[in-house]
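Below: one structure, written as structure tokens.
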Amino acid sequence: MDIGPGTRVLITGASRGIGRAFAQAFAATGAEVGLVARSADTLEQVAAGLPGSGHRALAADVADHASIEAALNEFGDCDVLIANAGVANYGRFVDATLEELDQMTRVNWLGCIYTIRAALPRMIERGRGQIVITSSGAGYRAFPWAAVYGGTKGAQRLFGEALRHELDGTGVSVTIVYPGEVESDLHAHELARMPPWRKNDEEAPAAPLAELVVKAVREDRASVHYPPFVRLLRIAHGLSPKLGDAFLRRLRGSTAAPRRG
Ligand SMILES: NC(=O)c1ccc[n+]([C@@H]2O[C@H](COP(=O)([O-])OP(=O)(O)OC[C@H]3O[C@@H](n4cnc5c(N)ncnc54)[C@H](OP(=O)(O)O)[C@@H]3O)[C@@H](O)[C@H]2O)c1
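Just add 108 to the spot in the sequence shown (first one is 1) and you have our numbering.
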């Protein structure tokens, strides 16, 4: 798909982190961007700081079907739809509150399918569109202390893979994004309880990921892996979960795969 002036891009989770980097990269091409998140004031500030014109701040909660549908209706037709909003609550599953488990499931998984379900009929009608889903490296191999988070990211991967095939011939396609550790505020509320395997000091900047996603949309790529070790994790775990565990132990230490066998 050609991306530039006249292209309309809607991004959820656009108020900060990876979503904001996506907004900046697409706006830099001349595209008009619709920015969705719950925090209206921050969205207005981000929209005002983007290059180009025609950008819209659309406060909505992706976990509320009516709310995201209203935001999509307000924005109108979109050529690129990026389901990116997400939350994380790390910690042992047994210690998690039901509220935390519910929030991750509702925002990451239901929020993703609510967003796409609301926009897809019109995209198919127009015979044009690219859906981008921000999953995670954890969508290939989920991590201890992030079992439910990984479950939501794996669900996004399986859903997106099937949908890409299902939409064959419609003019609408799907790109799935698999970030590893990327600079953002995802864990800002839980820095004191991060698992040892998580390397906060090795987070990659979000801007190069956003550039890769613009390119992937232009070329209708099925997936984007960033940084490159995520692709290696996919290959190792796909060949054999034991190989994936050994790869992770080497890279992230024994807490990434404590059980042998
Ligand atoms: N950073 C990483 O290392 C990493 C790695 C793999 C995957 N990811 C994925 O990348 C995506 C973006 O996360 P991030 O790292 O950029 O985190 P972030 O900096 O915390 O940004 C999350 C965004 O999602 C929005 N959001 C949260 N709940 C929402 C809701 N109910 N409705 C609408 N918007 C909501 C937030 O805005 P409001 O709070 O204002 O609503 C914010 O704009 C997530 O899907 C995450 O799982 C991140």
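Cβ atoms here follow ideal geometry from the backbone N, Cα and C, with glycine treated the same way.
Per DSSP, what kind of secondary structure is Glu311 in: helix, strand or coil? The residue you call residue 311 lines up with position 203 of the sequence shown. In the structure shown, the three-state DSSP call for Glu311 is coil.
Looking only at DSSP bridge pairs, what is Ala167 linked to? Within the sequence shown, the letter at position 59 stands for residue 167. In DSSP, Ala167 forms a bridge with Ala145.
Just reading off the alpha helix (DSSP H) that Val290 is part of, what are its end residues? For the purposes of this step, residue 290 is taken as the residue at position 182 of the sequence shown. Taken as a continuous stretch (DSSP letters only), Val290 belongs to no alpha helix (DSSP H), as it is neither H nor E.
Close Cβ partners of Ile119 (< 8 Å) along its chain, the five nearest in sequence each way excluded: Position 11 of the sequence shown, counting from 1, holds the residue named residue 119. Result list for Ile119: Gly127, Phe130, Ala131, Phe134, Val141, Gly142, Leu143, Val144, Ile190 and Asn192, in chain order.
Measuring alpha carbon to alpha carbon, tell me which residue in Pro287, Arg272, Tyr222 and Arg225 is nearest Glu310. Along the sequence shown, read from residue 1 onward, the residue named residue 310 stands at position 202. Of Pro287, Arg272, Tyr222 and Arg225, the residue nearest in Cα terms is Pro287.
I'd like to confirm something about Gly125: is its beta-carbon nearer than 6 Å to some heavy atom of ligand 1, or not? Residue mapping note: residue 125 aligns to position 17 of the sequence shown, counting from 1. It does: the Cβ of Gly125 is within 6 Å (strictly closer) of some heavy atom of ligand 1.
Best match in Met231, Arg116, Arg358 and Leu218 for proximity to Asp102 [C-alpha to C-alpha]: This structure cannot speak to residue 102, because the chain is shown only from 109 to 369.
Nearest chain D C-beta to Asp172 closer than 7 Å, yes or no? Here there is only one protein chain, and chain D is not present.
Where does Ala193 sit, in a helix, a strand or coil, going by DSSP? Here residue 193 refers to the residue found at position 85 of the sequence shown. Reduced to three states, the DSSP call for Ala193 is coil.
Length of the line joining the Cα atoms of Tyr198 and Gly125: Working through the sequence shown from its first residue, we reach residue 198 at position 90. Working through the sequence shown from its first residue, we reach residue 125 at position 17. Taking the straight line from one Cα to the other gives about 18 Å.
Would you check if there are 3 or more beta carbon pairs closer than 8 Å linking the region 223–231 to the region 304–319? No, because fewer than three Cβ pairs between the region 223–231 and the region 304–319 fall closer than 8 Å, the two stretches do not touch.
If I measure Cβ to Cβ from Pro113 and keep anything under 6 Å in the same chain, skipping five residues before and after, which residues do I get? Here residue 113 is taken as the residue at index 5 of the sequence shown, counted from 1. So the qualifying residues of the chain are Gly138.
So which of Val325, Ile241, Leu351 and Asn181 has the shortest CA-CA distance to Gly279? Counted from its first residue, the sequence shown places residue 279 at position 171. Considering only alpha carbons, the answer is Val325.
Check whether the Cβ atoms of Ser175 and Leu151 lie closer than 7 Å to each other. Translated into the one-based positions of the sequence shown, residue 175 becomes position 67. Translated into the one-based positions of the sequence shown, residue 151 becomes position 43. Between Ser175 and Leu151, the C-beta spacing is not below 7 Å.
First and last residue of the uninterrupted alpha helix (DSSP H) at Gly277: For this step, residue 277 is matched to residue 169 along the sequence shown. No alpha helix (DSSP H) holds Gly277; DSSP gives it neither H nor E.
Could you check whether the Cβ of Glu289 sits closer than 6 Å to any heavy atom belonging to ligand 1? Position 181 of the sequence shown, counted from the start, is the residue given in the question as residue 289. The answer is yes for Glu289.
What I want to know is whether the C-beta of Val215 ends up closer than 6 Å to one or more non-hydrogen atoms of ligand 1. As a working note, residue 215 is residue 107 in the sequence shown. Distances from the CB of Val215 to the heavy atoms of ligand 1 include at least one below 6 Å.
One or two residues paired with Ile241 in a DSSP bridge: Taking the sequence shown and counting its residues from 1, the one referred to as residue 241 is at position 133. Bridge partners of Ile241 according to DSSP: Ala191 and Ile284.
If we ignore side chains and look at the alpha-carbon of each, how far apart do Thr213 and His345 end up? Counted from its first residue, the sequence shown places residue 213 at position 105. Counted from its first residue, the sequence shown places residue 345 at position 237. Cα to Cα, Thr213 sits roughly 24 Å from His345.
Classify His333 as buried or exposed, calling it buried when 16 or more other Cβ atoms lie within 10 Å of its own Cβ. In the sequence shown, the residue the question calls residue 333 occupies position 225. Buried, since its Cβ has 16 or more Cβ neighbours within 10 Å.
Nonlocal neighbours in the same chain, by C-beta distance under 8 Å from Leu351, ignoring five residues either side: The residue you call residue 351 lines up with position 243 of the sequence shown. Same-chain partners within the cutoff: Ala344 and His345.
For ligand 1, is there any heavy atom lying closer than 6 Å to the beta carbon of Asp169? Here the question's residue 169 lines up with position 61 in the sequence shown. Proximity of the beta carbon of Asp169 to ligand 1 is indicated: a heavy atom of the ligand is located closer than 6 Å.
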